[in-house]
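Residue numbers (this note's numbering): 3 to 346.
Following: one structure in structure tokens, then a few remarks.
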């Protein structure tokens with residue numbers, strides 16, 4: 003269940019080893035760039051354990067739902083049926099039938115995969131592969147180090163959910179709410195709102211509408227149509243009009259003074275998918291301001307990624323997070339021989 007909703011959602015997906023492709027191959031596509039130091043941590047973990055313990059989350063598209071029936075049948079006999087730290091039920095089952103496994107392989111063989119979550123984990127696997135490949139004069143591409151554990155789900159799945167990622171602003175010097183509002187006025191229409199907890203309902207479904215929460219005041223702001231022309235960037239038009247682009251350019255850079263190039267690693271910007279958590283942090287003095295936004299749609303995300311661009315950092319939050327610990331897979335050379343599945 004999502005916060006505030008009675009409906010139960012069920013996201014289906016399967017776990018498998020996939021080839022670790024270089025970004026330039028355009029087989030694994032990313033919606034955001036990675037931070038090298040975080041990827042190095044994953045590389046070092048792989049070097050020490052030679053185990054994948056936490057799957058990344060990948061997305062494929064199949065409007066025919068060819069594979070979901072096999073998944074539905076398999077989970078009737080689960081290996082695990084547990085609730086995780088998110089309060090989400092996780093059911094894990096195995097498919098043993100070699101012919102059905104072949105259908106899974108064939109269904110995604112020629113598809114590109116969008117990396118939805120776990121970018122640094124995948125980058126760590128990629129660095130590990132490149133390092134091992136450089137040391138192996140007989141590299142064939144089928145060695146264990148070429149593979150990565152991924153959870154794959156279908157973008158056509160109606161229960162694939164993206165939550166909004168609200169921006170939290172903290173520890174900015176010379177903080178002045180009135181000055182920020184004045185800097186926003188040339189580009190936004192601004193309306194005071196009674197009760198920050200109503201902002202989500204107010205902006206839902208509105209194009210380029212946002213909520214602002216300060217300690218004492220809350221506002222609804224909507225980008226003025228004439229402001230579009232002020233956005234100087236190499237992005238195509240459909241990226242310029244995304245909520246995340248407007249937030250990071252018109253609000254965070256122009257009104258708050260944090261340059262676009264510095265935002266990705268800024269200590270002044272945090273993210274939270276819960277508006278109540280945003281309010282709590284501001285009330286407790288742990289944040290100065292929150293920018294409330296709508297979620298990015300699957301189709302908008304796909305359009306950006308397929309065009310070769312990336313979204314601002316952490317713009318997309320797929321819920322629930324894929325958990326680790328239920329399945330470990332080895333990439334030790336001596337444990338990577340599967341005679342039973344050699345035809346694949």
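Every residue, glycine too, gets a C-beta built ideally from N, C-alpha and C.
Keep in mind it's a predicted model, so treat the numbers as computed, not measured.
By the CB criterion at 7 Å, residue 95 and residue 81 fall inside the cutoff. By a beta-carbon distance limit of 8 Å, residue 165 does not contact residue 155. Their separation comes to about 15 Å. Where residue 200 is concerned, there is no enclosing alpha helix (DSSP H), because DSSP gives it neither an H nor an E. Burial check for residue 176: the Cβ neighbour count within 10 Å stays below 16, so the residue is exposed. If only uninterrupted alpha helix (DSSP H) runs of at least 4 residues are considered, those enclosed by the segment 227-304 are 239-242, 245-248, 262-265 and 277-285. Between residue 35 and residue 312, the C-beta gap is smaller than 7 Å, which places the two residues in contact. Bridge pairing for residue 194: 221 [DSSP].
By the Cβ-count criterion, residue 12 is exposed, with fewer than 16 other Cβ atoms from all chains shown falling within 10 Å of its own Cβ. In the structure shown, residue 55 falls within a coil segment according to DSSP collapsed to helix, strand and coil. Fewer than three pairs of CB atoms, one per stretch, sit closer than 8 Å, so the segment 290-306 makes no contact with the segment 83-101.
The beta strand (DSSP E) runs lying completely inside the segment 25-76 and spanning 3 residues or more are 30-32 and 58-62, given in chain order.
Cα atoms of residue 178 and residue 49: separation of roughly 48 Å, rounded to the nearest angstrom. By the criterion of at least three beta-carbon pairs nearer than 8 Å, the segment 316-325 is not in contact with the segment 253-262. Counting along the chain, the unbroken beta strand (DSSP E) around residue 153 starts and ends at 149-156. Where residue 130 is concerned, there is no enclosing beta strand (DSSP E), although the alpha helix (DSSP H) around it starts and stops at 121-136.
The DSSP-derived three-state label of residue 107 is helix. The criterion of a C-beta distance shorter than 7 Å is not satisfied by residue 77 and residue 90. Straight through space, the alpha carbons of residue 37 and residue 303 are spaced by roughly 20 Å. Contact check for residue 129 against residue 58 fails: the beta carbons are separated by 7 Å or more.
The beta carbon of residue 239 sits closer than 6 Å to no other beta carbon from its chain once the five residues preceding and following it are set aside.
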